[in-house]
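With the sequence shown counted from 1, adding 4 to any position gets you the working numbering.
Glycine residues also receive a C-beta, built at the ideal position from the N, C-alpha and C atoms.
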Amino acid sequence: MHELHNIILKLLPECKLWFLDGKNEEGKIVSNPNIGYGSYNIQYTDGTTREFYQIGLSANTAGISIYIMGIKDKEYLLQTYGEKIGKANVTGYCIKFKKLKDIHIEILEAAITDGVKKSA
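Next up, the structure:
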């Protein structure tokens, strides 16, 4: 986690940091604790917006998840990085893997950089 944190900070040195404990407004656990990097505005169908992080990092019992938020094309990450990244599960906005050594770091860096550009 420390190594991934440092990699993301190298890619986004001036980014806003988010530290989320995984609890909602009522104090109920709704997700794993995570660290967020950067900022973009989520557009809702009712026209409202909300600020949220662009890149998220979370550890759980299954391994590590990197969230790349704001990419409109939900096939993009899988089609662009899925076969290149190594032993990982790639979805519309998430790259999941067990250990850092299971993936190609340079491909993860490219996916993060690309994702930030696409959500800007």
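Let's test the definition: count the other Cβ atoms within 10 Å of the Cβ of residue 83 and tell me whether it reaches 16, buried, or not, exposed.
What you label residue 83 is simply residue 79 of the sequence shown in a count that begins at 1. Under this definition residue 83 is an exposed residue.
Please identify the residue among 94, 98, 14 whose C-alpha is closest to the C-alpha of residue 61.
Here the question's residue 61 lines up with position 57 in the sequence shown. Out of 94, 98, 14, 98 has the C-alpha closest to the C-alpha of residue 61.
State the Cα-Cα distance for the pair residue 107 and residue 31, rounded to the nearest angstrom.
Against the sequence shown, residue 107 aligns to sequence position 103. Against the sequence shown, residue 31 aligns to sequence position 27. Between residue 107 and residue 31, the C-alpha separation is close to 35 Å.
Since residue 115 and residue 46 should fall inside the 8 Å C-beta cutoff, what is the C-beta to C-beta distance between them, to a whole number of angstroms?
Taking the sequence shown and counting its residues from 1, the one referred to as residue 115 is at position 111. Taking the sequence shown and counting its residues from 1, the one referred to as residue 46 is at position 42. In fact, because the Cβ distance is near 20 Å, the residues do not count as touching under 8 Å.
Following the continuous beta strand (DSSP E) through residue 40, name the residue where it begins and the one where it ends.
Within the sequence shown, the letter at position 36 stands for residue 40. Element bounds for residue 40: 38-41.
According to DSSP, simplified to helix, strand and coil, what is residue 114?
Here residue 114 refers to the residue found at position 110 of the sequence shown. Correct three-state label for residue 114: helix.
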